[in-house]
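This report refers to the structure that appears directly beneath it.
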Amino acid sequence: MPALNSQSSIFRWLILAVIFLMLLSSCQNQEPTSMPTSEKTPTEIAQTKQPELTATPEGISIAKIQAAAHISPYRGQEVNDVPGIVTVVDFDGFYMQSLVPDQNPDTSEGLFVFTEFVPSVRPGDEVRVDGTVEEMIPWGGYGNLSITQIRNPKVRVLSSGNDLPAPTIIGEGGRMPPTEIIDDDTNGFISEHVLFDPQNDGIDFYESLESMLVQVNNAVVVGPTNTYKEIVVLADMGANAGIRSPRGGIVIRENDYNPERIMLDDKFRETPFVNVGDFSEKPIIGVMDYDFGFYKVQVISDLDFVSGKLQAQSPLSPAEEGQLRIASYNVLNLSVIEPQRISRLGAQIVNQMGSPDILGLQEIQDDDGSVGQVAVSSDLTYQGIIDAILDAGGPQYAYADIDPIPGTDGGIPLGNIRQGFLYRVDRGLSLAAAPHGDAKTPVELSDNNGTPQLSLNPGRIDPRNPAFYSSRKPLVISFNYQGQPLFVINNHFNAKGEDRDLFGEFQPPILDSEIQRMGQAQIVHDFVAEILAINLDSRVVVLGDLNDFQFSNPIKLLMGDILQNLVLTLPEEERYAYNFEGNGQTLDHILVSDTMVEDLVSFDILHINSEFEYTARFSDHDPLIATFKMD
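Per my numbering, residue 4 is the first one in the sequence shown, and the count goes up by one each step.
Pasting the structure below:
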C-alpha cells in the first residue's frame, strides 16, 4: 500500500506539471482581452478538397498561403510558424506582412490574423502564428469577395520595435494598376476561376495586394467625401488614368469602369471633407482591405489635402425670347420640413439654372417627409419652392403632380416620393384641357384631328403594370406653348441597388435591377410611339432619373429609333451628373423626339452638386438643362 500511494503521488505531480506547461504555453498565445467584436462575423465560403500541408522548419510563408489566387490553397487547413511583422492592429485582430517577400508580385505578402478581441501585439512585433486558414466574407455580405485570414491563432512574439516593411507604391515608381478592365476572363464565381491576371484585371491586381501596406503618391480626389466618410482618389494626379472630366473627375464609358480608382476609408484615420480636384502632396499609406464590394485602403498615415478650389459651374443666363428651356433635377428627398434646402433650391433655380420654363423634379416627398405618417400631398413643398424662387428674384411658377398611393412607389419609407413639374406662367405656357389624373387611373391617348390628346392631364402611364411595382410611375403632362402642343414625360425608374458590385464575387456583375427597368423603358417607349403615330412631328420630351447609363440596355430600348438622348451630344468627358465610388456617370437623361432635336439650341449638365462632399451639396445629382428655339 505505501508503494501504491507513493506511485499515485508521482502521477499526480506529473499531471500538475503537464497542466502548468499547458497554461504557460497559452499565456504566450494571443488570447481575448476585451471588446468582443460585433462587426466581423466571418462567413466562410464552401470548402473544397485542399492540398496536403507540408510545413518547413521556417514555417509556411504568407505568400504561399495567399498564392496567386483569390482563394488560398490552404483554406481550411492548420498552418504553423507563419512568420511576419505586425503592421497594423485592429480591434479584432492584426495585419502582418512577410519578413522576406517571395519576389512574385502576383502573391500578396500580407495577411489578417483574426483574434476576435483586441490583440496585445504592436506594430513592429516580429511574430510566428499558428492557426486555421479561412476565407472570410466581410460582414457576411452577399456577393462580396473573401479575405484570406488566420483564425483561432496562437501568436508568439519574437522581438519588438522592428521596422515595418516598406509599403508597395500603387502607381509610378511601383505597381501600375489596370486602367480599363476589372475582369475579362471570368464567367461566374471568381473563386472558382483559375486564371489570375493582376497585370490586366483590376480585381486581381488589388487581390495581389490584399492586407499589405500600400502607398499612394500625389493622390487627386475623383470621389468626394461621402456619407460613409470614404474618399476616392487617383495616384500620380491621375497621370495614367482614363477619361478625365474638365473639372478633375474621371468618367465611365461602356466597358470601362476605371479600375485605377483607389478608395480611402476611415477605420484608422479620420478622413477630411474633400471635393473633386483636391489633392495630397504627401504620400498616403494604409493597408489594403475589402468590404461592401470594393477594395479599400484603410489609411494609417495622417491625411492632409490641398484644396483644388473647385467652384460650382458658371450659371446659365436666362433663355432668350422665342426659346424654351426644359430642365430635369433629382432633388434628393425634398420636403417642406427642410426649409433651408427649399430656400437653397429656389436660389439654384434662379441664379444658376436661369429659371427654366419647365422643370421636371424627382424625389419630391410628401409634406411631412419621412418622419411623419399622415401626409400624402406635397402641396406645401411645391408652394415652398415657388415662394423660394420669388424670394430669390425669380418668376412666378405653378406646379403639377399626382399624389402616389402611400407606400407603393419605393424610396425612403413614409416619404412617398414622386415626380412633379414646375412651370412658368409668364412665358405662354398652359396646361392642355383635360381632367387631373389620379394614382390608379392610366392615362390614354386619342387622336383629335391629327393632334394627340391626353385623357388626363397630368396623368400616369400604365400605373398598375407590374413593371412599376414599388417604383415610380411615369407622369406625362401636355402643355400648350404658343399654340403648339408639347408632351413631357417625367420618370424615375427603379434604382440599381440590386445589381452586383463591380468588384464582387460574380463576374461579370449581374444587373438584377435591369429587368424591371427594361419593362419600364418599354412602356414609356410605346407611349411615345403612340403619340408619334398620331402625329410624327409631335414635340415630345422624356426626362428624369432613369437610373441607368446612356449605353445601357434600358436606355437604348427607350430610345429605339424615335428618341434622341441629348447626353450623347456632349463630349465623353462631360457625360456625368452623378458620382458613385469616384466614377462620374449620368443616370439622368433628357430624350427628345426628332422635331425637338431640330429645335435644340443647347444642352448642359450643370455641375453644382455631384463633385462636392456630401455636407456641402444640395443633392447628389446635377440638373440637366436643354434649351430649344420654338418658332
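The beta-carbon is built from N, C-alpha and C at its ideal position, and this holds for glycine as well. Quick caveat: nothing in here was measured; it's all calculated off a predicted structure.
Query: Is Val570 helix, strand or coil by DSSP?; Result: helix
Query: Between the Cα of Gly176 and the Cα atoms of Asn243, Val374, Arg430 and Val600, which residue gives the shortest distance?; Result: Asn243
Query: Which residues share a DSSP beta bridge with Arg131?; Result: Pro86 and Arg159
Query: Express the C-alpha separation of Val334 and Gly397 in angstroms, rounding to a whole number.; Result: 19 Å
Query: What number of angstroms, rounded off, separates the C-alpha of Thr189 from the C-alpha of Ile246?; Result: 25 Å
Query: Could you pull the start and end residues of the beta strand (DSSP E) that Phe471 belongs to?; Result: Looking at the DSSP string, Phe471 is not in any beta strand (DSSP E), and its letter there is neither H nor E.
Query: If the criterion is Cβ atoms closer than 9 Å, does the pair Phe424 and Leu478 meet it?; Result: yes
Query: Where does Ile534 sit, in a helix, a strand or coil, going by DSSP?; Result: helix
Query: Ala350 to Leu148, Cα distance in whole Å?; Result: 45 Å
Query: Quick check: what's the CA-CA separation for Pro227 versus Pro455?; Result: 46 Å
Query: Count the other CB atoms, across all protein chains shown, that sit within 10 Å of the CB of His528; report buried if there are 16 or more and exposed otherwise.; Result: buried
Query: Compare the Cα-Cα distances from Gly127 to each of Val92, Glu601 and Ala619 and report the closest residue.; Result: Val92
Query: State the Cα-Cα distance for the pair Ala498 and His610, rounded to the nearest angstrom.; Result: 22 Å
Query: Determine, using beta carbons only, whether Val225 and Gly252 come nearer to each other than 9 Å.; Result: yes
Query: Leu24 by DSSP, collapsed to three states: which one?; Result: In this prediction, Leu24 has a pLDDT of 37, which is less than 50 and means its spatial position is unreliable; what the coordinates show is noted afterwards. Residue state, collapsed to three classes: helix.
Query: Taking the straight line between their C-alpha atoms, what separation do you get for Gln399 and Glu533?; Result: 33 Å
Query: Count the other CB atoms, across all protein chains shown, that sit within 10 Å of the CB of Gln152; report buried if there are 16 or more and exposed otherwise.; Result: buried
Query: First and last residue of the alpha helix (DSSP H) that includes Ser346?; Result: Pro342 to Asn354
Query: Would you kindly report the start and end of the unbroken beta strand (DSSP E) that includes Lys632?; Result: Leu627 to Lys632
Query: What three-state label does DSSP hand Pro126 in the structure shown?; Result: coil
Query: Might you give, ordered along the chain, the residues of its own chain that have their beta carbon closer than 6 Å to the beta carbon of Ala524, omitting 5 neighbours on each side?; Result: Pro557, Leu560 and Leu561
Query: For Arg467, is the classification buried or exposed, using 16 other Cβ atoms within 10 angstroms of its Cβ as the cut-off for buried?; Result: exposed
Query: Alpha carbon to alpha carbon, what distance is there between Thr630 and Gln326?; Result: 7 Å
Query: I need the straight-line Cα distance from Ser283 to Leu237, nearest angstrom please.; Result: 11 Å
Query: For the beta strand (DSSP E) containing Asp268, name the first residue and the last one.; Result: Ile265 to Asp268
Query: Comparing C-alpha positions only, which one of Asp269, Gly585 and Ala470 sits nearest to Ser613?; Result: Gly585
Query: What are the start and end residues of each continuous beta strand (DSSP E) run of 3 or more residues lying completely inside the segment 233-307, in chain order?; Result: 234-237, 265-268, 287-294 and 297-302
Query: Pull up the CB-CB distance for Val136 and Ser75, whole angstroms please, since I reckon it's below 8 Å.; Result: 5 Å
Query: Nearest to His495 by CA position, among Pro359, Arg421, Ser605 and Arg344, is which residue?; Result: Arg421
Query: Kindly indicate which three-state DSSP category Ala403 falls into: helix, strand or coil?; Result: strand
Query: Any idea what DSSP makes of Glu112, helix, strand or coil?; Result: coil
Query: Just to check my reading of the structure: Arg154 and Gly62 have Cβ atoms closer than 8 Å, yes? What is that Cβ distance to the nearest angstrom?; Result: Not quite, the Cβ-Cβ distance comes to about 17 Å (not below 8 Å), so this is no contact.
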